[in-house]
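With this note's numbering, the residue at position 46 of the sequence shown is 251, and numbering never jumps.
Contents: one structure, followed by commentary.
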Amino acid sequence: MQRSLGIYGVQFFYPDADHGIGGVGHKRLYDDGVDGQYLGDRQPWKGTAADIFVQAQFPLHSGRIPISVMELVVAMLSVIGVYIWWKKRAARIKQSARAMPVSQQQVELVLSEQRRP
206 MQRSLGIYGV QFFYPDADHG IGGVGHKRLY DDGVDGQYLG DRQPWKGTAA
256 DIFVQAQFPL HSGRIPISVM ELVVAMLSVI GVYIWWKKRA ARIKQSARAM
306 PVSQQQVELV LSEQRRP
(Lines of atoms letter the chains of each structure in order from A; the text may use other names.)
(Lines give C-alpha, C1' and ligand atoms only; values in the text may rest on other atoms or scores of the structure.)
Protein backbone atom coordinates (compact mmCIF):
# COMPACT_ATOMS: atom_id res chain seq x y z
CA MET A 206 0.00 0.00 0.00
CA GLN A 207 1.17 3.50 -0.81
CA ARG A 208 -0.22 5.43 2.17
CA SER A 209 0.89 8.76 0.80
CA LEU A 210 -1.00 8.12 -2.44
CA GLY A 211 -3.89 6.18 -0.92
CA ILE A 212 -3.40 3.22 -3.26
CA TYR A 213 -3.65 -0.47 -2.41
CA GLY A 214 -1.89 -3.08 -4.51
CA VAL A 215 -2.88 -6.75 -4.62
CA GLN A 216 -0.66 -9.48 -6.12
CA PHE A 217 -1.92 -12.83 -7.40
CA PHE A 218 0.31 -15.87 -7.69
CA TYR A 219 0.44 -19.60 -7.04
CA PRO A 220 2.50 -20.63 -3.99
CA ASP A 221 5.09 -22.45 -6.11
CA ALA A 222 5.42 -19.51 -8.53
CA ASP A 223 6.40 -16.77 -6.10
CA HIS A 224 8.76 -15.08 -8.58
CA GLY A 225 6.17 -14.71 -11.29
CA ILE A 226 6.29 -15.68 -14.93
CA GLY A 227 9.91 -15.76 -16.03
CA GLY A 228 11.01 -13.88 -12.94
CA VAL A 229 9.37 -10.60 -13.96
CA GLY A 230 6.88 -10.40 -11.13
CA HIS A 231 3.24 -11.16 -10.52
CA LYS A 232 0.00 -9.78 -11.80
CA ARG A 233 -0.93 -6.75 -9.69
CA LEU A 234 -4.18 -4.89 -9.30
CA TYR A 235 -4.26 -1.37 -7.90
CA ASP A 236 -7.27 0.02 -6.01
CA ASP A 237 -8.07 3.37 -4.47
CA GLY A 238 -7.54 3.32 -0.71
CA VAL A 239 -10.61 5.46 -0.05
CA ASP A 240 -13.44 3.98 -2.10
CA GLY A 241 -11.84 0.73 -3.42
CA GLN A 242 -12.23 1.81 -7.05
CA TYR A 243 -10.09 -0.08 -9.58
CA LEU A 244 -7.17 2.12 -10.70
CA GLY A 245 -5.16 -0.16 -12.93
CA ASP A 246 -3.06 -3.28 -13.17
CA ARG A 247 0.35 -4.61 -14.09
CA GLN A 248 0.54 -7.88 -15.99
CA PRO A 249 3.83 -9.60 -16.78
CA TRP A 250 4.74 -9.89 -20.47
CA LYS A 251 1.86 -7.66 -21.54
CA GLY A 252 1.75 -4.09 -22.74
CA THR A 253 3.60 -2.08 -25.33
CA ALA A 254 6.88 -3.16 -26.86
CA ALA A 255 8.67 -0.84 -24.45
CA ASP A 256 6.91 -2.44 -21.45
CA ILE A 257 7.94 -5.91 -22.56
CA PHE A 258 11.49 -4.71 -23.24
CA VAL A 259 11.77 -3.31 -19.71
CA GLN A 260 10.32 -6.49 -18.19
CA ALA A 261 12.83 -8.62 -20.12
CA GLN A 262 15.79 -6.81 -18.56
CA PHE A 263 15.82 -8.80 -15.32
CA PRO A 264 15.81 -12.29 -16.89
CA LEU A 265 18.38 -11.14 -19.43
CA HIS A 266 20.78 -9.43 -17.04
CA SER A 267 20.42 -12.00 -14.28
CA GLY A 268 21.70 -14.59 -16.74
CA ARG A 269 18.55 -16.67 -17.02
CA ILE A 270 18.17 -16.28 -20.78
CA PRO A 271 21.86 -16.91 -21.66
CA ILE A 272 21.98 -19.92 -19.34
CA SER A 273 18.83 -21.33 -20.92
CA VAL A 274 20.36 -20.90 -24.38
CA MET A 275 23.54 -22.65 -23.23
CA GLU A 276 21.47 -25.54 -21.84
CA LEU A 277 19.88 -25.96 -25.27
CA VAL A 278 23.30 -25.81 -26.95
CA VAL A 279 24.67 -28.55 -24.66
CA ALA A 280 21.64 -30.74 -25.37
CA MET A 281 21.98 -30.19 -29.14
CA LEU A 282 25.71 -30.94 -29.09
CA SER A 283 25.05 -34.16 -27.20
CA VAL A 284 22.49 -35.30 -29.75
CA ILE A 285 24.70 -34.27 -32.68
CA GLY A 286 27.68 -36.09 -31.14
CA VAL A 287 25.73 -39.33 -30.81
CA TYR A 288 24.47 -38.91 -34.40
CA ILE A 289 28.01 -38.42 -35.78
CA TRP A 290 29.32 -41.36 -33.74
CA TRP A 291 26.49 -43.56 -35.05
CA LYS A 292 27.21 -42.60 -38.67
CA LYS A 293 30.95 -43.28 -38.27
CA ARG A 294 30.21 -46.57 -36.56
CA ALA A 295 27.93 -47.63 -39.41
CA ALA A 296 30.63 -46.67 -41.94
CA ARG A 297 33.26 -48.72 -40.06
CA ILE A 298 30.98 -51.74 -39.96
CA LYS A 299 30.21 -51.36 -43.65
CA GLN A 300 33.92 -50.96 -44.48
CA SER A 301 34.89 -54.09 -42.55
CA ALA A 302 32.13 -56.04 -44.30
CA ARG A 303 33.49 -54.91 -47.67
CA ALA A 304 37.04 -56.03 -46.86
CA MET A 305 38.40 -58.36 -49.52
CA PRO A 306 37.66 -61.95 -48.53
CA VAL A 307 40.62 -64.26 -48.31
CA SER A 308 40.48 -67.08 -50.84
CA GLN A 309 41.43 -70.65 -50.03
CA GLN A 310 44.38 -70.34 -52.44
CA GLN A 311 45.79 -67.38 -50.52
CA VAL A 312 45.48 -69.28 -47.24
CA GLU A 313 47.29 -72.30 -48.66
CA LEU A 314 50.04 -70.08 -50.09
CA VAL A 315 50.66 -68.41 -46.73
CA LEU A 316 50.66 -71.74 -44.90
CA SER A 317 53.06 -73.30 -47.39
CA GLU A 318 55.46 -70.36 -47.03
CA GLN A 319 55.41 -70.74 -43.26
CA ARG A 320 56.30 -74.45 -43.52
CA ARG A 321 59.44 -73.82 -45.58
CA PRO A 322 62.70 -74.00 -43.62
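We put the beta carbon where it would ideally sit given N, CA and C, even for glycine.
Alpha carbon of residue i to alpha carbon of residue j, nearest angstrom
i    : j    : result
Q257 : K299 : Checking the displayed sequence, the identity of residue 257 turns out to be Ile instead of Gln. Approximately 55 Å, taken between the alpha carbons.
R247 : G230 : 9 Å
I270 : P264 : 6 Å
Residue i classed as buried or exposed, judged by whether at least 16 other C-beta atoms fall within 10 angstroms
i    : result
Q260 : buried
Reduced DSSP category for residue i - H, G, I as helix; E, B as strand; rest coil
i    : result
Y219 : coil
R303 : coil
K293 : helix
R233 : strand
G214 : strand
Any beta strand (DSSP E) of 3 or more consecutive residues that is wholly inside the region 237–284: Those beta strand (DSSP E) runs which fall completely within the region 237–284 and span 3+ residues are 243–247.
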